[in-house]
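Novice: Protein chains in written order, with this note's numbering: chain A, 1 to 269; chain B, 1001 to 1269; chain C, 2001 to 2269; chain D, 3001 to 3269; chain E, 4001 to 4269; chain F, 5001 to 5269. Using N, Cα and C, we set each Cβ at its ideal position, and we do this for glycine too. One structure is given below, represented as structure tokens, and several questions about it will come after.
There are 6 protein chains.
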Amino acid sequence: MAEHDQYLIQREPFYQPLAQEVALYQAAWDERLPVMIKGPTGCGKSRFVEYMAWTLGRPLITVACNEDMTASDLVGRYLLDANGTHWLDGPLTTAARIGAICYLDEIVEARQDTTVVIHPLTDHRRTLPLDKKGELVEAHADFQLVISYNPGYQSLMKDLKQSTKQRFAALHFDYADHDTEAGIIVRETGLPQEQARQLVKIAETARNLKGHGLDEGISTRLLVYAARLIKRAIAPRLACRMALVDPITDDAEIRDTLYHAIDAVFGAD
Amino acid sequence: MAEHDQYLIQREPFYQPLAQEVALYQAAWDERLPVMIKGPTGCGKSRFVEYMAWTLGRPLITVACNEDMTASDLVGRYLLDANGTHWLDGPLTTAARIGAICYLDEIVEARQDTTVVIHPLTDHRRTLPLDKKGELVEAHADFQLVISYNPGYQSLMKDLKQSTKQRFAALHFDYADHDTEAGIIVRETGLPQEQARQLVKIAETARNLKGHGLDEGISTRLLVYAARLIKRAIAPRLACRMALVDPITDDAEIRDTLYHAIDAVFGAD
Amino acid sequence: MAEHDQYLIQREPFYQPLAQEVALYQAAWDERLPVMIKGPTGCGKSRFVEYMAWTLGRPLITVACNEDMTASDLVGRYLLDANGTHWLDGPLTTAARIGAICYLDEIVEARQDTTVVIHPLTDHRRTLPLDKKGELVEAHADFQLVISYNPGYQSLMKDLKQSTKQRFAALHFDYADHDTEAGIIVRETGLPQEQARQLVKIAETARNLKGHGLDEGISTRLLVYAARLIKRAIAPRLACRMALVDPITDDAEIRDTLYHAIDAVFGAD
Amino acid sequence: MAEHDQYLIQREPFYQPLAQEVALYQAAWDERLPVMIKGPTGCGKSRFVEYMAWTLGRPLITVACNEDMTASDLVGRYLLDANGTHWLDGPLTTAARIGAICYLDEIVEARQDTTVVIHPLTDHRRTLPLDKKGELVEAHADFQLVISYNPGYQSLMKDLKQSTKQRFAALHFDYADHDTEAGIIVRETGLPQEQARQLVKIAETARNLKGHGLDEGISTRLLVYAARLIKRAIAPRLACRMALVDPITDDAEIRDTLYHAIDAVFGAD
Amino acid sequence: MAEHDQYLIQREPFYQPLAQEVALYQAAWDERLPVMIKGPTGCGKSRFVEYMAWTLGRPLITVACNEDMTASDLVGRYLLDANGTHWLDGPLTTAARIGAICYLDEIVEARQDTTVVIHPLTDHRRTLPLDKKGELVEAHADFQLVISYNPGYQSLMKDLKQSTKQRFAALHFDYADHDTEAGIIVRETGLPQEQARQLVKIAETARNLKGHGLDEGISTRLLVYAARLIKRAIAPRLACRMALVDPITDDAEIRDTLYHAIDAVFGAD
Amino acid sequence: MAEHDQYLIQREPFYQPLAQEVALYQAAWDERLPVMIKGPTGCGKSRFVEYMAWTLGRPLITVACNEDMTASDLVGRYLLDANGTHWLDGPLTTAARIGAICYLDEIVEARQDTTVVIHPLTDHRRTLPLDKKGELVEAHADFQLVISYNPGYQSLMKDLKQSTKQRFAALHFDYADHDTEAGIIVRETGLPQEQARQLVKIAETARNLKGHGLDEGISTRLLVYAARLIKRAIAPRLACRMALVDPITDDAEIRDTLYHAIDAVFGAD
């Protein structure tokens, strides 16, 4: 089916397993349990879902959630054309029909109550009522729902309701350990092992500041950015400032602390 | 009638009666009294309504309520087509016409004042005025309205008005007792009785934390999730963490408490 | 006139006069004064308006007000069809044209300022300007506006403006006295006089709790619900819990108090 | 011109001048100064404007302002028909074109910033730009803008901006003096002079409570209501409760105070 | 060009220069610098812009800003007609195309962020991207942007962003000095010099109360109103109350103070 | 490609490099890393992006972000025409298709959650899902995303989320040093070196007041404005007041301080 193929992952994504998450996801998939992936920014949640979709050979439909997203954006809506209106399935409906993995990225960004549209897809019913179309979609046997969730953002205003949370099995992600993370940098950018370890060391300093002036630690993604700039002949100190520090903080004191950490690792001028 | 049949429950849903709720609902149905089902997340409210619809042989139309839902989403609206506009009944109107049980799930999520559209259907009038269409729908003799309501969510902002509440007879649900709940797990997943009891024991610990760091206890649904993961050869300790603890809390202290409860039941590494 | 007939009350509604409200309404009608019906939930306000419409032989158009209701929902709007747009009168406009009694139920739910559209209909002008249509509707000689209003809901956010209030003569409703209310239950359900009195006794206990943990007392409607369940062979204690207590409170302490009141009347197990 | 005639006042409205307001308005009209009519609810502001329109022989277009009113509701909008869109003048535009008195009733209800559309009509420009139509309407030589304004409502949220206020000459209205008000009641209802004076006496008591539990005093309009009910053979005490007290307060203490005032005037049972 | 001519000022507006504002504006115009006109209500800001447009012989397009104004109201939008949609330039786009002076009156009323659409027109780019049309309008060589701004209104909620402010050269306006203002009144109304001075004297008293109970002083416009009423044979004391005091304050104490100031100038009864 | 060419920068923009920002940007471009440009108002952020686009020979699509901007404004929407609806790419989609640099100016103005639409374009996926069209756009190999960000504006309400920030390498901009800034003024306006230095001196005084009564310092842009007015024969003291002080503050004390700074540099009268 053409629509089905369009959402298949074409090449194996690079993914470095961190613990037993692959086996756990596999079991959840075998049971078609909805899965919640928790973890900080840029630790590889989206990459993991892509990797699992590739491993399972299932199409993947990703939706970046946002506060303005309505239920219609997920489910579908009527469009006007020359012959009146016709219905256009939303990404969730498409995924339910073709048996894709539907990945709702940063689900807490969506309005809390919009998320109730996923409820009938995540219990024994496995159906999606299209109220506006008067149709009840039965989910394809291979349909699975996955959501990502960053606990660091959770606030009184933005949190999932218990009646939503209690429809998911959860996988907890965190940054990789020192050696694994350095290995990821080496493999993704070709930076020498030694420099990769230096970058991870800086990240570890920053991650200790989380909650003490930093909202989040430095992600693996930013380490890869720094490595790529160094590979382009940017001095490591400048590359680290540009990729690791300046994007994540506007606080002069925190910035100085991190600049010093960089100097301690790569040497000051 | 085709529309009627589409909403019939095809197979008998598995439902384990907990008290006299079947007889009480039957009496309310005989009188066509609107019914409010109260109780915590995942204790089987929706399953019960499905079971009663199957038992009574009535079509069931379920609407997952949400804050963005307008009266039009319930009642209907004009759609544009090649010949201008035509009216499309909403789920409430359809239910009133064909004599279905209309189940408004998580009614408190709907805007408090949208709920007034159900008022004329829930008193002696049993009518639904379609103001925009200029039609007054007389409800079918078999129409019944059912709403679910989780008292734990009730807040100053989100509560039903007394003028809405006082239109319903209420059934109070809670988690099943120890033996019944273990039996449900055994029957739904085939897990050995002994392990099912162990899962219920963990749930009981968590339910005691409700209001002391947990917003809700662990639902029967999550126990079934854990059982299904164990049946897929996931170690019970990991299955419980994934299905029972990680979905419901981001608090490190509460998580540790629950992890210890798991270890106490299934043994630590 | 077809439209006129559609809104006529077909059968005499059962209504038990409580005081001189029929004569007072009759005088207001004779003068076509706008009328405000004040009183608690479920004490018979809507039933009374229906009864008066039947008595006067006038069509009755009821609008359940809600916060999302716009002036257009009352007055009318342009709809799109194959030949462009055409105007559709709203219920208030229809009532003004055909000389109906227009009953705006729970007027305080409407946005305070939407209510100003009724102003020119409620002073010496008795007109309704349809600004969007460029038409000035002169109200039919028999048109009358009636609103209901529950003082218990009144808050800083939701109250009628004085410039709206001072356009109405007001009738104050309250629960019927003991004998009258028991008589209503008997007549509506066929319950024996003795049991009807027992139900009223429970209601009186609850009404004393209003403002001390209960937002509203138990309405006559709920007493009728309980009576109907008892007539369906539900034990009185269970019927009272289901119809009188569980719908109106989530507070465990209040619930216990009311359960005890039931036991005191019908005997504990 | 047909449109012009439609807005002419057909019969001389009954209006009892209170001070020099007729001469002052006449001078403002002669200069085409915009006029602001200030005063409490129901003291005759709208009636006065109607009277002046009738006296001057000018058409009167009244707009009841409300919070949902957009600039388009005043100025006009494009409507869709079979040949695409056509422009429909709003009431303000119509008034500017035909030289009517445009009366914006309860202007503070409109969103503060919507009111800026009247600015170019209320300075030396006397123009109204229809931005959406690309037309600049020059006001007819006889066009005049009048607004009403109840200072009692003014709050931090709802007040006119100084840049709006300083475009108007203002007339301050208040309740008529004792004799004049009684005379109005006699003339409007035919009630005997003595009873009319009794009604005014009750109103005077209530007006002293303004700011001490009452938001507004009893208006002349409500006195006329009471008189009409008395003429319909309702006992004066009941008529006064129904027309003067119950509409304006939900406070039991205030209500008792006013009931006593009624008893003091008309005698208790 | 027809469109161009439509916006030309036909007659020289009466404008009394107060300082060097004409030369300063001329220099800004020569450099096509965007200009911000600051000053209190009714001191002649709009009149000055009109005067400069007339002096420079440039068309003037004025937009009264308001909170409901969207970027589309400035820039343009698609309209639907019989052949689908066509684009209609908004006033800002028109001004940019024909080389008009575009005057955004009371810019702070617009939503703070809507104002960013003027940014590319107010730096070296002098372009206006019509994102919805996919067109990049290069401003005509004679296009200039002027905004007015009343510092007295500025609040935390409503202020221009620095990134907007720092795109303008600013001219500070204030009320004219005593002699000039009296001269303006004489010239605009024909009132004798002596009475004009008396009016200015009252205004000066009121302006000293600014910030001590008055939000704004009495504007020159209101002095002209008072003069016009006096010319229509209204007694000066009444004319001053009607034109100078009653429009600007609802505070009884402030009103008395100003009434006394009037009596002090024109003599009490 | 026509669309491509339309967005090419035609002439080399004047840009004075301040540090190593050109080399750093070049390296980020070589890696197609998303870039965040941080810095105060009017320090040349937009000019720099234009300069880099010209240097790299890439088309540049600039979007001025604002709070009302929806995801559709970036991504595209369906438009209605005679044959029904057709899709119109938004600026972000166009940039992704043709390989332009897409510059989102003042990104923090956009609703925080709208910004998630850029996420899949800024990680390894480099895709843009057009959910409403059911198309997944693969970004052109030359597509790059650049955002500007003024840390001074950052507030609790308006800040980028860490999950957005951690997708960018960041370049920190500030005002140029004394000599460079004077050189820019000389080159842009032809003002003598000496006067240019005097203007910079005033700016330096003002920049020291940032955070002590001034939200932002005086930008280079305003210095250029002052220089241009001086070149038009406006006295330097007046030009500085008009271009440097009056636009940026309404505070009388701050204004006096800055006026004195001007007098100290250019001499008082």
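Taking Cβ positions only, does T4257 (chain E) come closer than 9 Å to chain D?
Specialist: The residue given as residue 4257 (chain E) occupies position 257 in the fifth sequence. Not one chain D Cβ lies under 9 Å of T4257 (chain E).
Novice: Could you tell me whether any Cβ in chain B is nearer than 9 Å to the Cβ of I2262 (chain C)?
Specialist: Counted from its first residue, the third sequence places residue 2262 (chain C) at position 262. By this cut-off, I2262 (chain C) is not an interface position.
Novice: What does a CB cutoff of less than 6 Å around T4205 (chain E) pick up in its chain, not counting 5 residues either side in sequence?
Specialist: Here residue 4205 (chain E) is taken as the residue at index 205 of the fifth sequence, counted from 1. Correct list, in chain order: A4261.
Novice: Just to confirm the assignment, what range does the alpha helix (DSSP H) spanning E5106 (chain F) have?
Specialist: Walking along the sixth sequence from the start, residue 5106 (chain F) turns up at place 106. Element bounds for E5106 (chain F): n/a, residue is neither H nor E.
Novice: What's the call for N208 (chain A), buried or exposed, on a 16-neighbour Cβ count within 10 Å?
Specialist: Translated into the one-based positions of the first sequence, residue 208 (chain A) becomes position 208. Exposed, because fewer than 16 other Cβ atoms sit within 10 Å of the Cβ of N208 (chain A).
Novice: Which of the three DSSP states is assigned to R2280 (chain C) in this structure?
Specialist: Because chain C is modelled from 2001 through 2269, residue 2280 (chain C) falls outside the range shown and cannot be assessed.
Novice: The beta strand (DSSP E) spanning M1069 (chain B) covers which residue range?
Specialist: The residue given as residue 1069 (chain B) occupies position 69 in the second sequence. Neither: M1069 (chain B) is in no beta strand (DSSP E) and is coded neither H nor E.
Novice: Does DSSP put G213 (chain A) in a helix, a strand or coil?
Specialist: If you number the first sequence from 1, residue 213 (chain A) lands on position 213. Note: G213 (chain A) maps to coil in three-state DSSP.
Novice: Rounded to whole angstroms, what is the Cα-Cα separation between Q2006 (chain C) and E1138 (chain B)?
Specialist: In the third sequence, counting from the first residue as 1, residue 2006 (chain C) sits at position 6. In the second sequence, counting from the first residue as 1, residue 1138 (chain B) sits at position 138. Approximately 12 Å, taken between the alpha carbons.
Novice: Excluding sequence positions up to five away, which residues of its chain have a Cβ less than 7 Å from the Cβ of I4009 (chain E)?
Specialist: Here residue 4009 (chain E) refers to the residue found at position 9 of the fifth sequence. Excluding residues within five positions, the ones whose Cβ falls inside 7 Å are E4050, A4053, W4054 and L4060.
Novice: Give the interface partners of M4036 (chain E) over in chain F, defined as CB-CB distance under 7 Å, in chain order.
Specialist: The count along the fifth sequence starts at 1 and reaches residue 4036 (chain E) at position 36. The answer, in chain order, is P5247.
Novice: For A100 (chain A), which residues in the same chain have their Cβ closer than 6 Å to its Cβ, ignoring the five residues on either side in sequence?
Specialist: Locating residue 100 (chain A) in the first sequence gives position 100, counting from the first residue. Taken in chain order, the residues that qualify are Y7, P59 and I61.
Novice: Once you ignore the five residues that flank Q4154 (chain E) on each side, which residues in its own chain have a CB closer than 7 Å to its CB?
Specialist: As a working mapping, residue 4154 (chain E) is identified with position 154 in the fifth sequence. Low confidence applies to Q4154 (chain E): its pLDDT is 49, below 50, so where it sits in the model is not reliable enough to give any reading.
Novice: May I ask you to check if the CB of F1143 (chain B) is nearer than 8 Å to at least one heavy atom of the ligand FAD?
Specialist: The ligand FAD is not part of the structure shown, which contains no ligands of any sort.
Novice: Kindly indicate which three-state DSSP category E138 (chain A) falls into: helix, strand or coil?
Specialist: Taking the first sequence and counting its residues from 1, the one referred to as residue 138 (chain A) is at position 138. It is a strand residue.
Novice: If the cut is a Cβ gap below 9 Å, which residues of chain C does T1094 (chain B) touch?
Specialist: Walking along the second sequence from the start, residue 1094 (chain B) turns up at place 94. Chain C residues near T1094 (chain B): none, gap ~19 Å exceeds 9 Å.
Novice: Which residues in chain A sit within 8 Å of I1118 (chain B), going by Cβ to Cβ distance?
Specialist: Indexing the second sequence from 1 puts residue 1118 (chain B) at position 118. By Cβ distance, chain A contributes nothing, its closest Cβ being about 16 Å from I1118 (chain B), past 8 Å.
Novice: Relative to the C-alpha of Y3015 (chain D), which candidate in D:A3176, D:T3122 and D:R3126 has its C-alpha closest?
Specialist: Here the question's residue 3015 (chain D) lines up with position 15 in the fourth sequence. Of the listed residues, the one whose Cα sits closest to Y3015 (chain D) is D:A3176.
Novice: Could you name the residues of the region 166-198 of chain A whose beta carbon sits closer than 8 Å to any beta carbon of chain B, in the order they occur along the chain?
Specialist: Residues Q166, R167, F168, A169, A170, L171 and H172.
Novice: List, in chain order, every chain B residue whose beta-carbon is nearer than 8 Å to that of L2238 (chain C).
Specialist: The residue given as residue 2238 (chain C) occupies position 238 in the third sequence. Those are Q1020 and L1024, listed as they occur along chain B.
Novice: At the 9 Å Cβ level, is R4207 (chain E) part of the contact set with chain F, yes or no?
Specialist: As a working note, residue 4207 (chain E) is residue 207 in the fifth sequence. Not an interface residue.
Novice: For a quick check, are the C-beta atoms of I3185 (chain D) and T3220 (chain D) less than 9 Å apart?
Specialist: Taking the fourth sequence and counting its residues from 1, one reaches residue 3185 (chain D) at position 185. Taking the fourth sequence and counting its residues from 1, one reaches residue 3220 (chain D) at position 220. Yes, the pair counts as a contact, with Cβ atoms nearer than the cut-off.
Novice: Are there 16 or more other CB atoms within 10 angstroms of the CB of D4089 (chain E), so buried, or fewer, so exposed?
Specialist: Numbered from 1 along the fifth sequence, position 89 holds the residue referred to as residue 4089 (chain E). With 16 or more other Cβ atoms within 10 Å, it is buried.
Novice: Could you work out which residues of chain C lie near E1111 (chain B), taking near to mean beta carbons separated by less than 9 Å?
Specialist: Position 111 of the second sequence, counted from the first residue, corresponds to residue 1111 (chain B). According to the sequence as given, residue 1111 (chain B) is Arg; it is not Glu. Neighbours of R1111 (chain B) on chain C, chain order: N2066, E2067 and D2068.
Novice: Could you tell me the alpha carbon to alpha carbon distance between V3265 (chain D) and E3031 (chain D), rounded to whole angstroms?
Specialist: Mapped onto the fourth sequence, residue 3265 (chain D) falls at position 265. Mapped onto the fourth sequence, residue 3031 (chain D) falls at position 31. Approximately 48 Å between the Cα atoms of the pair.
Novice: Whole angstroms is fine: what's the gap from L1223 (chain B)'s alpha carbon to L1199 (chain B)'s?
Specialist: Translated into the one-based positions of the second sequence, residue 1223 (chain B) becomes position 223. Translated into the one-based positions of the second sequence, residue 1199 (chain B) becomes position 199. When rounded, the distance between both Cα atoms is 6 Å.
Novice: Going by DSSP, name the residue or residues bridged to L5088 (chain F).
Specialist: Here residue 5088 (chain F) refers to the residue found at position 88 when the sixth sequence is read from its first residue. Its beta-bridge partners are F:R5077.
Novice: Taking the alpha helix (DSSP H) that A176 (chain A) belongs to, which residues open and close that run?
Specialist: Position 176 of the first sequence, counted from the start, is the residue given in the question as residue 176 (chain A). Run containing A176 (chain A): none; DSSP gives neither H nor E here.
Novice: Under 7 Å Cβ-Cβ, which residues of chain E neighbour Y3078 (chain D)?
Specialist: Here residue 3078 (chain D) corresponds to residue number 78 of the fourth sequence, with the count starting at 1. What Y3078 (chain D) touches in chain E: L4079.
Novice: Assuming T70 (chain A) and T122 (chain A) are in contact, meaning their beta carbons sit under 8 Å apart, how far apart are those beta carbons, in whole angstroms?
Specialist: Position 70 of the first sequence, counted from the first residue, corresponds to residue 70 (chain A). Position 122 of the first sequence, counted from the first residue, corresponds to residue 122 (chain A). T70 (chain A) to T122 (chain A), Cβ: 19 Å. No contact.
Novice: Taking Cβ to Cβ, would you say L1056 (chain B) is nearer than 9 Å to V1075 (chain B)?
Specialist: Counting from one through the second sequence, the residue named residue 1056 (chain B) turns up at place 56. Counting from one through the second sequence, the residue named residue 1075 (chain B) turns up at place 75. No, these two residues do not count as a Cβ contact at 9 Å.
Novice: Are the region 126-142 of chain A and the region 1231-1245 of chain B touching by the rule of at least three beta carbon pairs closer than 8 Å?
Specialist: Counting Cβ pairs under 8 Å, fewer than three are found: no touch.
Novice: L4056 (chain E) lies in the alpha helix (DSSP H); which residues open and close that run?
Specialist: The residue given as residue 4056 (chain E) occupies position 56 in the fifth sequence. K4045 to L4056 is the span of the alpha helix (DSSP H), which, as asked, contains L4056 (chain E).
Novice: Alpha helix (DSSP H) containing K165 (chain A): first to last residue?
Specialist: Counting from one through the first sequence, the residue named residue 165 (chain A) turns up at place 165. Looking at the DSSP string, the run of the alpha helix (DSSP H) that includes K165 (chain A) is Q162 to K165.
Novice: In angstroms, rounded to a whole number, what distance separates the CA positions of A4169 (chain E) and I5202 (chain F)?
Specialist: For this step, residue 4169 (chain E) is matched to residue 169 along the fifth sequence. For this step, residue 5202 (chain F) is matched to residue 202 along the sixth sequence. Distance between the alpha carbons of A4169 (chain E) and I5202 (chain F) is about 16 Å.
Novice: Going by the CB atoms, is the gap between L4171 (chain E) and D5250 (chain F) shorter than 9 Å?
Specialist: Residue 5250 (chain F) sits at position 250 when you count from the first residue of the sixth sequence. Residue 4171 (chain E) sits at position 171 when you count from the first residue of the fifth sequence. No, they are not a contact pair.
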